[in-house]
Every structure is written in structure tokens, then in C-alpha cells.
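Quick note, the sequences are listed as chains A and B, same order.
The working numbering applies: residue 38 is where the first sequence begins, and numbers increase by one.
The working numbering applies: residue 41 is where the second sequence begins, and numbers increase by one.
The beta carbon of each residue, even a glycine, is placed where N, CA and C say it ideally should be.
Here the structure is a predicted model, which is why all the values come from computation and not from measurement.
Notes for the one structure printed next.
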Amino acid sequence: MNKKQNHITPPRLAQKLLLLFLKEELAEEVQGDLEEKFYQTVNHHSLFRAKRNYWFQVINYIRPFALKRNRSYQSKPITMFRHNFKVSTRQMLNNKGYSAINVFGLALGMTVAMLIGLWVHDELTFNQYHEEYDTTYQLLRQENGSKGRYTSEWFYTGMGALLKETLPHKLENLLMSKGTPFSRVLAHGDKKLSFSGLYAESHFPSFFGLDMKYGNEDGLNDLYSIMLSESTAKKLFGDQNPVGELISMDITDQYMVSGVYFDLPKNSEFSGTDYLSSYKTFFAKWPERLNIWDNMNTKVYAKIQPGNDLEELNEQINGLFIPRLAETSKERDPNYLLHPMSQWHTTTFVEGVLGKNQTYRYIWMYGFLGVFVLTLACINFMNLSTARSEKRAKEVGVRKTLGSLRQQLISQFYLESFLYSFLAFVLSLLLLKALLPWFNHTSAKDIVPPWQVSTFWLACISFIIFTTLIAGSYPAAYLSSFKPINALRGGLKFGKRATTPRKVLVVFQFLISVMLIIGSITINNQIQEAKNRPIGYSPNGMISISPTSPNYHKNRAVLRQEILNTGMVTEVGFSNYSITNDRGWNNGFRWDGMDPAFDESFNTVHITEGFAEAMGMEFIAGRNFDPTRIADKNGIILNESALQAMQLEDPIGMVITYDPSWAEAANFTIVGVVKDMIKASPFEQTRQSVMFNSEDKRYTAYMYMRLNPDVSASESLSAIEQVFNEILPEAPFDYRFADDDYNKKFEAEIRISDLAIFFTILAILISCLGLFGLSAFVAEQKTKEIGIRKVLGASILHLWQLLSKEFAVLVLTASIIAIPIAHYFLEDWLSTYELRTKLSWDIFAFAGLGGLAITLITVSYQSLKAALANPVDSLRTE
Amino acid sequence: MKETRLGDFEETLLLLVGILEKEAYAFKIAEEFESQTKRSTSIGAVHSTLNRLSDKGFLTSEMGAATAERGGRRKRIYSITASGQRALQDSRDFKLSLWKQFPAFAGDLNFSA
Numbered sequence: 038m039n040k041k042q043n044h045i046t047p048p049r050l051a052q053k054l055l056l057l058f059l060k061e062e063l064a065e066e067v068q069g070d071l072e073e074k075f076y077q078t079v080n081h082h083s084l085f086r087a088k089r090n091y092w093f094q095v096i097n098y099i100r101p102f103a104l105k106r107n108r109s110y111q112s113k114p115i116t117m118f119r120h121n122f123k124v125s126t127r128q129m130l131n132n133k134g135y136s137a138i139n140v141f142g143l144a145l146g147m148t149v150a151m152l153i154g155l156w157v158h159d160e161l162t163f164n165q166y167h168e169e170y171d172t173t174y175q176l177l178r179q180e181n182g183s184k185g186r187y188t189s190e191w192f193y194t195g196m197g198a199l200l201k202e203t204l205p206h207k208l209e210n211l212l213m214s215k216g217t218p219f220s221r222v223l224a225h226g227d228k229k230l231s232f233s234g235l236y237a238e239s240h241f242p243s244f245f246g247l248d249m250k251y252g253n254e255d256g257l258n259d260l261y262s263i264m265l266s267e268s269t270a271k272k273l274f275g276d277q278n279p280v281g282e283l284i285s286m287d288i289t290d291q292y293m294v295s296g297v298y299f300d301l302p303k304n305s306e307f308s309g310t311d312y313l314s315s316y317k318t319f320f321a322k323w324p325e326r327l328n329i330w331d332n333m334n335t336k337v338y339a340k341i342q343p344g345n346d347l348e349e350l351n352e353q354i355n356g357l358f359i360p361r362l363a364e365t366s367k368e369r370d371p372n373y374l375l376h377p378m379s380q381w382h383t384t385t386f387v388e389g390v391l392g393k394n395q396t397y398r399y400i401w402m403y404g405f406l407g408v409f410v411l412t413l414a415c416i417n418f419m420n421l422s423t424a425r426s427e428k429r430a431k432e433v434g435v436r437k438t439l440g441s442l443r444q445q446l447i448s449q450f451y452l453e454s455f456l457y458s459f460l461a462f463v464l465s466l467l468l469l470k471a472l473l474p475w476f477n478h479t480s481a482k483d484i485v486p487p488w489q490v491s492t493f494w495l496a497c498i499s500f501i502i503f504t505t506l507i508a509g510s511y512p513a514a515y516l517s518s519f520k521p522i523n524a525l526r527g528g529l530k531f532g533k534r535a536t537t538p539r540k541v542l543v544v545f546q547f548l549i550s551v552m553l554i555i556g557s558i559t560i561n562n563q564i565q566e567a568k569n570r571p572i573g574y575s576p577n578g579m580i581s582i583s584p585t586s587p588n589y590h591k592n593r594a595v596l597r598q599e600i601l602n603t604g605m606v607t608e609v610g611f612s613n614y615s616i617t618n619d620r621g622w623n624n625g626f627r628w629d630g631m632d633p634a635f636d637e638s639f640n641t642v643h644i645t646e647g648f649a650e651a652m653g654m655e656f657i658a659g660r661n662f663d664p665t666r667i668a669d670k671n672g673i674i675l676n677e678s679a680l681q682a683m684q685l686e687d688p689i690g691m692v693i694t695y696d697p698s699w700a701e702a703a704n705f706t707i708v709g710v711v712k713d714m715i716k717a718s719p720f721e722q723t724r725q726s727v728m729f730n731s732e733d734k735r736y737t738a739y740m741y742m743r744l745n746p747d748v749s750a751s752e753s754l755s756a757i758e759q760v761f762n763e764i765l766p767e768a769p770f771d772y773r774f775a776d777d778d779y780n781k782k783f784e785a786e787i788r789i790s791d792l793a794i795f796f797t798i799l800a801i802l803i804s805c806l807g808l809f810g811l812s813a814f815v816a817e818q819k820t821k822e823i824g825i826r827k828v829l830g831a832s833i834l835h836l837w838q839l840l841s842k843e844f845a846v847l848v849l850t851a852s853i854i855a856i857p858i859a860h861y862f863l864e865d866w867l868s869t870y871e872l873r874t875k876l877s878w879d880i881f882a883f884a885g886l887g888g889l890a891i892t893l894i895t896v897s898y899q900s901l902k903a904a905l906a907n908p909v910d911s912l913r914t915e
Numbered sequence: 041m042k043e044t045r046l047g048d049f050e051e052t053l054l055l056l057v058g059i060l061e062k063e064a065y066a067f068k069i070a071e072e073f074e075s076q077t078k079r080s081t082s083i084g085a086v087h088s089t090l091n092r093l094s095d096k097g098f099l100t101s102e103m104g105a106a107t108a109e110r111g112g113r114r115k116r117i118y119s120i121t122a123s124g125q126r127a128l129q130d131s132r133d134f135k136l137s138l139w140k141q142f143p144a145f146a147g148d149l150n151f152s153a
């Protein structure tokens with residue numbers, strides 16, 4: 038052939054493809070034929086045509102007769118499998134420590150992924166317990182208020198009635214409900230307990246698809262009928278069927294139990310509804326109130342079949358309501374809209390605009406975290422497997438020399454990786470079972486183990502297969518490709534290329550770990566910051582009770598005196614609002630020298646004699662109300678924030694006019710100023726507050742008692758209970774410790790903190806496993822180098838440095854990348870709080886150094902082991 | 041027993057193997073097929089059929105000499121077996137008998153054996 042043709046060759050890729058699928062015994066003749074054809078085409082036509090034709094010919098060889106057979110006909114598959122299985126288990130048992138680390142790391146990753154998966158599933162199926170979840174809507178109302186455009190769920194009963202009348206074909210099955218739970222005392226026989234439940238129209242059970250245990254869904258049709266949740270029924274009646282029994286509610290009314298429904302799950306909007314009764318019963322004494330336009334006290338739900346235009350429906354509703362509103366309401370620019378149930382949990386209205394809420398963000402965040410952790414665990418698993426590969430190189434060499442086919446080696450490695458991932462899976466199931474109660478408690482969930490859910494098993498099986506393939510593919514593809522002669526000679530070298538991806542991985546893992554460390558510390562700091570704030574009163578040693586009895590108000594003074602007489606409490610006081618929230622906002626305050634533009638409202642609370650002492654309020658100016666001074670009836674106490682908001686210099690004795698729209702104007706004299714009390718969220722600034730002096734029965738719902746510090750709590754409580762039961766035998770002694778209530782304000786943050794710490798520990802553990810694998814790998818690579826250095830007189834410290842320095846650099850790099858990212862996310866998170874902790878440099882430094890310390894400890898195990906090894910052993914290996 | 045009847049493509053290839061004699065390997069057979077029938081085919085299709093004919097026992101093959109234009113690779117030379125020849129003859133006889141029963145052509149045609 039002439040020289041020119043030596044440069045022209047058939048397309049390489051096509052040749053490779055051909056060899057990939059073609060039977061080895063056919064390769065020679067087929068390649069020859071195709072090449073002949075190729076050169077012939079080149080000579081007669083063009084090079085392009087020749088190449089195209091070569092491809093065509095190659096593709097046309099994909100025929101059954103020419104394809105490689107995957108199975109070897111010589112060996113018996115079962116015997117081979119048994120052999121592989123035996124070798125794999127022996128491998129595992131020979132390297133117990135290594136196998137344990139590998140399996141444990143993967144199991145941890147799987148457990149976290151399962152927990153997060155279950156959590157995300159639980160959040161995503163929120164409210165799906167309810168039948169017709171997709172077609173259920175709630176009516177909402179938006180209006181302009183003093184603090185911007187707000188969204189409310191409260192309506193006139195007349196509005197619901199009007200919709201029922203005019204749009205029955207579109208708003209099917211409209212339901213009105215009181216929505217907010219009512220705390221009532223239910224009593225049966227000698228059992229009396231507080232429960233919180235709902236009043237709604239009698240088709241509530243069928244509307245929301247409750248599962249009935251006893252009775253049926255129509256049970257609320259009769260006046261004074263009541264349905265109990267399973268747990269309520271159990272508390273009152275034990276295991277017997279209570280249908281038809283009478284129970285008394287707040288002593289005054291008798292209700293007949295008409296059904297028992299299974300408790301609503303925690304991921305339902307109506308979770309914790311202990312009982313249900315009907316609107317008819319609620320308004321039994323004033324039936325006309327079921328259709329009035331003067332009190333926004335009902336929530337409205339409806340079913341809308343798909344196919345209806347929601348926009349159009351909203352417009353229709355607006356058109357119905359707005360003309361019927363009073364002028365003052367119209368000025369607030371009202372707007373009505375239907376909100377689908379599928380969005381209740383993950384959306385919120387800010388300034389009247391629908392947006393995703395915090396829950397939605399957490400779902401994504403945790404979802405990502407789960408995928409991350411699992412990926413890391415998987416990659417580590419793969420890494421640890423391959424780091425051992427040099428040890429296996431000789432085994433591969435021997436097997437190949439004895440005639441093992443590559444196919445058989447590959448199946449051997451896959452089987453091994455399957456055994457590991459299967460073991461890890463079993464372990465992760467045990468871990469899941471052990472951790473789930475704790476996880477439920479920490480995340481306030483009610484997740485049941487998904488043992489009966491087939492999709493869970495399906496997901497697990499596919500995951501095992503996935504991990505097996507991923508983790509097994511590297512050793513399977515790489516190790517099986519060794520040339521026996523190289524493998525046996527021990528001259529196998531993993532170049533720089535083999536370590537670079539591992540280094541990137543270490544950086545990535547520590548990036549996440551360091552970020553999580555910074556996050557955990559910051560969340561914790563944020564909680565501490567709020568906890569360290571002066572509360573303004575002392576919750577410790579104080580109990581509160583809100584007696585539910587019609588006889589409470591007329592016996593209130595006696596109750597107070599009798600409890601004081603026991604000597605178990607030092608003071609007793611009353612107020613109209615709880616100390617642990619900041620309900621009750623009014624404006625209409627005027628005073629001399631007031632800025633005319635000032636129109637902010639004040640938190641208004643009414644307190645009685647003894648309240649300030651029981652509460653432990655701290656006066657910074659003036660004095661408490663004095664029951665002996667009649668003028669103090671018109672006295673008020675301000676808090677520090679009010680003083681600042683009003684810009685008063687010398688407040689004591691000043692007269693303030695209070696003119697709320699709903700009562701006559703009156704003048705009040707400032708008698709004292711107290712330190713701010715944290716009533717609402719401890720992460721918010723305290724607002725201006727005014728306290729009035731009142732003994733009126735409208736203003737005494739909450740009773741506060743300061744326990745005598747010299748008597749043990751259990752002793753004083755039983756003494757107080759005795760007195761309480763004598764005076765109000767019908768009401769349960771449902772007391773609460775004020776400090777418990779106060780600590781509840783931190784629950785959400787503590788939950789985040791606990792989960793963050795949990796994930797941080799896991800991330801560190803998993804990263805350490807990865808690091809451990811990598812350092813083992815590196816130490817193994819350098820065995821001879823270390824041996825020679827030792828012989829030449831290198832010190833152990835020097836060798837340790839040699840092996841550890843590289844990792845320290847990696848982790849420092851990770852920290853440097855992690856700090857700005859963590860800073861960005863935490864700033865974002867903290868910006869949702871009014872009071873926030875500072876992101877100071879020492880947190881970042883601590884996290885970085887912490888990561889470094891963990892790294893050095895992990896790596897030192899391997900590097901010291903390598904440095905301490907006797908050079909005779911390491912140099913002899915050949 | 042394997043299927044022993046001949047398809048049209050198979051029959052043509054079998055004949056071509058006989059015609060090409062010492063040059064009967066997949067590439068040449070495919071070339072010859074294309075030039076004689078003016079129909080295009082691929083070496084893969086030809087090879088696959090040759091393989092099937094060998095399975096049926098109509099062909100045998102052995103590795104032949106290597107040439108430079110094939111990159112020094114050897115070629116597989118096919119030759120017809122006795123049962124292959126019989127199958128060809130049977131096929132021809134069968135068609136002849138059909139032709140003879142065809143009244144429109146029966147008198148005019150003169151087949152030589």
C-alpha cells in the first residue's frame with residue numbers, strides 16, 4: 038500500500054464500539070473485512086463516504102450472532118456464586134475494623150436519609166389525612182390595617198349564610214366553624230378534665246372526613262350532642278363505648294355523646310381537637326346569631342370541584358359581600374379570596390401577598406441536607422472500598438493468572454459491595470427504630486415507622502441496588518482491569534489523578550461540617566441571647582391557673598383569701614390576659630406634650646391587687662397600686678418602653694386621657710413605671726404597655742400565685758389544690774408553672790438547635806470516616822517512603838507532620854470556603870428575628886479550629902501507625 | 041433439527057459462495073451481491089446469513105491468508121458442503137417443476153440444466 042493510506046484509518050470511535058460488543062473470536066475476520074471495505078471506498082469514492090460507510094457497517098454488526106455472550110459457559114453459576122460469597126464474607130471478617138467502619142458509615146447516612154425522608158414526607162402530606170383534600174378551600178379576607186395589609190380568616194356568620202344561599206352549586210357543602218379551640222371542662226362521674234375542642238356546623242365530621250370509631254358522621258345533628266376524640270373518650274370513659282352517655286360541660290350544660298372519632302394526626306390542621314359540637318348548640322340560646330353581620334367570629338370552608346374558575350369565584354364573592362359592608366369597612370379596601378387546603382401549611386400572606394413560608398424553606402433545607410449526607414456516605418463508602426484496592430491487587434493478579442474471566446471478577450466485586458450495603462441497610466433499620474422516638478420528640482412529630490408501606494421498601498431496595506452499583510463500580514471496573522503481571526509484581530501506582538477527587542471530597546465534606554458547626558453554635562447563641570435577657574418578672578416559683586367555672590367570679594375574693602391563709606403562697610393576683618402573651622391592643626391615648634403624629638397602640642392589661650407582687654414586677658419609678666387609696670382606681674402603671682415611646686421625662690403624677698372607640702373617655706394618673714416584661718416572643722423587642730387597676734370580673738380570668746419559697750412545691754401545691762377544690766369543686770385544678778410557659782417560647786428554636794446539633798455530629802462522623810479512609814490510603818501509598826526515611830533517621834514527629842500536613846491544609850481550605858457561605862445563610866436566618874446575636878469572628882475561628890483538631894486526631898491514627906511501623910516490615914513487602 | 045429450507049437471500053449467497061470459490065469471504069460476497077443484484081446490503085447482514093448457513097450445515101469455513109489491505113488480518117473463506125449443493129439443486133428443481141406447470145410459458149421456455 039502507498040504511504041498516503043497509512044495515515045487514513047477507519048474512525049477510531051467506530052472501531053472501539055465494534056470491539057465493545059463483538060465476540061472476540063470474530064474480531065479478526067470482521068475487522069479485516071470492514072477495513073478492506075473502508076479502503077476500497079476511499080479509493081473509489083471519498084474519505085467522508087468511507088467513514089460514513091464504516092459506521093454503517095459497524096452498526097449493522099449489532100446482530101445477535103455477533104454479540105458477546107455475558108455468561109461463561111464453562112462454570113456453573115451457583116458454584117461460582119457460592120465461591121464469591123465465601124470469599125466476600127472472608128474478606129469482611131479478615132478486616133473487621135475496616136468493614137465495621139465502612140458499614141457503620143453507610144448505615145448512618147442511610148438512617149439520616151430515612152429520617153429526613155420521613156420528615157419531609159410527613160410535612161408534604163400535611164392535611165392529606167382529610168378526605169377531598171384537593172377540593173377543600175378556606176375563605177380569607179384581606180383589609181388594610183394600621184400595620185399594613187393583613188389577612189384574616191374571620192367572617193360574619195351572615196356571610197357564610199349568604200354564600201350558602203346564593204352560590205350553593207359552586208361552593209358545595211359550605212362549612213362554618215369557630216375554628217379556635219375552646220377550652221372546656223368535660224366531666225363524667227367523678228372525672229373532670231379540661232379539653233380543647235371545636236364548635237362547627239354539624240357536617241364537620243363528613244366535611245373533613247373524620248374516621249369514626251363509634252357512631253356515625255351525622256352524630257352532631259341533634260342539639261347538645263357531642264363527639265369525642267378517641268383519646269378524650271379514653272380519659273373519661275376508659276375502654277367502654279361512650280355513645281349515648283351524658284357528660285357535663287363546664288358544669289352548666291349536659292351533652293350527649295353521639296360518636297367517637299379517631300384522633301386527628303399531628304400533621305393535620307385540626308390536630309388536637311378533643312371534642313366537637315355543633316353551631317346549633319353553641320348558639321342554642323340565640324339562634325338568630327347564626328345569620329348576623331355584626332361579629333366576625335366564624336371561619337368559612339367550602340368544597341370547590343375542579344373545573345371551576347377560582348378567580349371568577351373570588352370575584353363573585355367580592356361582588357356579593359362588598360356592597361353589603363358598612364362604609365368604614367369599605368374604606369379598608371376589603372378583598373375576599375379562596376385558599377386551597379394544599380397550600381395552608383406551606384404558604385403565608387405577607388402584606389396581602391401570598392408567599393412561601395418558613396416551613397416550606399425548612400422542607401427544602403432538610404431535603405437537601407438529607408441528599409447531601411447520603412451522597413457523602415455513599416462516596417465515602419466507595420472511597421474506603423477503593424482505598425483498600427491495592428491490597429486486593431494481588432488477589433486479582435492470582436485469579437487472572439488462574440484463568441478467571443474479567444466478568445467473574447466484576448461480579449465478585451459487585452457481590453461484595455452488595456453484602457456491605459445490605460448489612461448497612463439492616464443496621465440502618467435498627468438505628469431508625471431506635472432513633473425514631475427521639476426524633477419524633479425533638480421535631481414534634483408523630484411519625485410511625487413505615488414498615489407496612491410498600492413504597493418505603495421499594496425505595497430502600499432501589500437504594501441498595503444503587504449504592505451497590507455506585508460503590509462496586511470503581512473496584513469492579515478498575516481492579517478487574519489490572520494486568521496480572523503488574524498486579525503481581527506489586528508495582529501498582531495510583532497517580533495524582535487518583536487522589537485529587539478524594540481531596541475535593543474531603544474539602545467538600547468539611548465544608549459542610551464546618552458550616553454546620555458554625556450554624557449550631559449560632560443557633561445556640563441566639564437562644565442564649567434571648568434567655569439572658571432580663572424577663573422583668575420572675576417566672577420561677579409562680580403558678581398560674583385560669584379556673585373554668587361559672588362560680589369562679591363570685592368566689593374569687595374568697596378563693597384568694599383562703600389560699601393566702603394556707604401560708605403556702607406569698608401573694609395572689611389576677612389579670613385579664615396571660616403573662617405569656619401580648620394580647621389586648623388599644624389606641625386612643627392622649628397626654629400633654631404628645632407628638633400629634635403619634636398613633637401607636639398600647640398593650641393594655643388590667644391587673645388587680647397583689648398582681649405586681651405575685652409577678653415580681655420591678656418598679657423603676659413610682660409605686661404599685663395601693664388598695665387603700667381610692668384615687669388609685671384611676672391610676673395606671675407604664676412599662677419602660679411606654680415611657681420611651683411617649684418620651685416622658687417625669688412621668689409620675691402625669692394625667693393621661695384614654696379614649697378607646699368602644700368605651701367612654703377617662704383620665705388616668707401615672708402612679709408607677711416598671712421594667713419591661715417579656716410577654717410575647719423573647720426574640721422581639723418589648724412593646725409599650727399600660728396596666729390598669731381593676732377588680733372587675735371581666736378582667737380577672739387569669740390567676741397568678743407566688744409560691745412560698747420556704748415550702749416545697751409539692752407540699753404547697755397539694756395544700757392549694759385542697760382549698761381550690763373546696764371552693765370550686767366543679768373546676769379541675771389545672772395549674773401551670775409560669776417558667777414552663779416561659780420556656781415554651783424557645784421551643785421552636787430549641788428544636789432547630791437540637792436537630793442542627795444532631796446533623797452536625799453526624800456530618801462530622803461521616804466526614805471523619807471519609808478522612809480516615811483517605812489517610813489510610815495515603816499512608817499505604819507511602820509505606821516504603823516512610824520506611825526509607827526512617828532508616829535514614831527521620832523522627833516520628835517529622836513523619837507525622839509529613840502525613841498530616843496535607844490534610845490540615847485541606848481542612849483549612851474547607852473552613853475558609855465555609856465561613857462566608859455560613860455567614861450568608863446565618864445572616865439571612867437571623868434577619869427573621871428582631872433581637873439577634875452577633876456573628877462574631879470567634880465562632881468562625883472556633884469552628885475552623887475545631888474542624889482542624891478533629892482532622893488531626895483522625896489522621897494521626899493512621900499517620901502514627903505508619904510512622905511507628907518497623908521499616909524492616911515495610912521495606913520487605915516485595 | 042434445524043430449518044433446512046432456503047430463503048431467497050440465503051440461496052443467492054450460497055450461489056455467490058460457489059461462484060467466488062477461493063475468494064468467498066464476507067466482504068467479497070457482499071460486494072458481489074451488490075454488483076450482481078444492484079441491491080445494497082451490509083457486511084454484517086451477509087456475515088449473519090453466512091453464519092446461519094454454516095449452522096444449517098450448508099457451508100463450511102476456514103481461516104484463509106492475511107493480506108495487507110486488511111491490516112494483516114486473516115479472512116474466513118467459506119465453501120459449499122455437499123448438503124449445501126443438494127439444497128441448491130432441490131431449490132432449483134422445485135422451481136423448475138413449478139415453471140413447467142405454468143401454462144402461459146410452458147411451451148416457449150427452454151431451460152438447460
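Assigned secondary structure, residue i (DSSP; H/G/I helix, E/B strand, else coil)
| i | result |
| --- | --- |
| residue 247 (chain A) | coil |
| residue 196 (chain A) | helix |
| residue 376 (chain A) | strand |
| residue 306 (chain A) | coil |
| residue 111 (chain B) | coil |
| residue 229 (chain A) | strand |
| residue 100 (chain B) | strand |
| residue 714 (chain A) | coil |
Per-residue contacts from residue i into chain B (C-beta, under 9 Å)
| i | result |
| --- | --- |
| residue 818 (chain A) | Chain B residues near residue 818 (chain A): none, gap ~41 Å exceeds 9 Å. |
Contact list for residue i against chain A, beta-carbon separation under 7 Å
| i | result |
| --- | --- |
| residue 67 (chain B) | 70, 73, 74 |
Length of the line joining the Cα atoms of residue i and residue j
| i | j | result |
| --- | --- | --- |
| residue 303 (chain A) | residue 481 (chain A) | 9 Å |
| residue 746 (chain A) | residue 579 (chain A) | 10 Å |
| residue 82 (chain B) | residue 94 (chain A) | 6 Å |
| residue 152 (chain B) | residue 133 (chain B) | Reliability of the predicted coordinates at residue 152 (chain B) is poor, the pLDDT of 49 falling under 50, and the value obtained from them is presented with this limitation in mind. Cα-Cα distance, rounded: 12 Å. |
| residue 41 (chain A) | residue 79 (chain A) | At residue 41 (chain A) the pLDDT is 46, less than 50, meaning the model places this residue with poor confidence and gives no usable figure here. |
| residue 41 (chain B) | residue 95 (chain B) | Only weak support exists for where residue 41 (chain B) lies, its pLDDT of 40 falling under 50; the value from the coordinates is given anyway. Distance between the alpha carbons of residue 41 (chain B) and residue 95 (chain B): 11 Å. |
| residue 411 (chain A) | residue 419 (chain A) | 12 Å |
| residue 544 (chain A) | residue 876 (chain A) | 23 Å |
| residue 137 (chain A) | residue 505 (chain A) | 17 Å |
| residue 51 (chain A) | residue 116 (chain B) | 22 Å |
| residue 695 (chain A) | residue 705 (chain A) | 7 Å |
| residue 368 (chain A) | residue 333 (chain A) | 17 Å |
Within chain B, the residues that residue i reaches when beta carbons sit closer than 8 Å
| i | result |
| --- | --- |
| residue 93 (chain A) | 82 |
| residue 160 (chain A) | What residue 160 (chain A) touches in chain B: nothing, since even the nearest Cβ is about 56 Å away. |
| residue 66 (chain A) | 65, 66, 103, 113, 114, 115, 116 |
Proximal chain B residues relative to residue i, where beta-carbon distance stays under 7 Å
| i | result |
| --- | --- |
| residue 98 (chain A) | 84 |
heavy atom of the ligand PLP below 7 Å from residue i C-beta
| i | result |
| --- | --- |
| residue 907 (chain A) | Looking for the ligand PLP in the displayed structure turns up nothing, as the structure carries no ligands at all. |
Run through the segment 560-613 of chain A for me and flag every whole beta strand (DSSP E) of 3 or more residues, listed as ranges in chain order.
-> Counting only runs of 3 or more residues that sit fully inside the segment 560-613 of chain A, the beta strand (DSSP E) segments are 579-582, 606-612, in chain order.
Report the residues of the segment 111-129 of chain B with a CB closer than 7 Å to any CB of chain E, ordered along the chain.
-> The question asks about chain E, but that chain is absent: this structure's protein chains are A and B.
Check distances from the C-beta atoms of the segment 86-99 of chain B to those of chain A and list, in chain order, the residues that come in under 8 Å.
-> Listed by position, the residues of the segment 86-99 of chain B near chain A (Cβ gap below 8 Å) are 87, 88, 91, 92.
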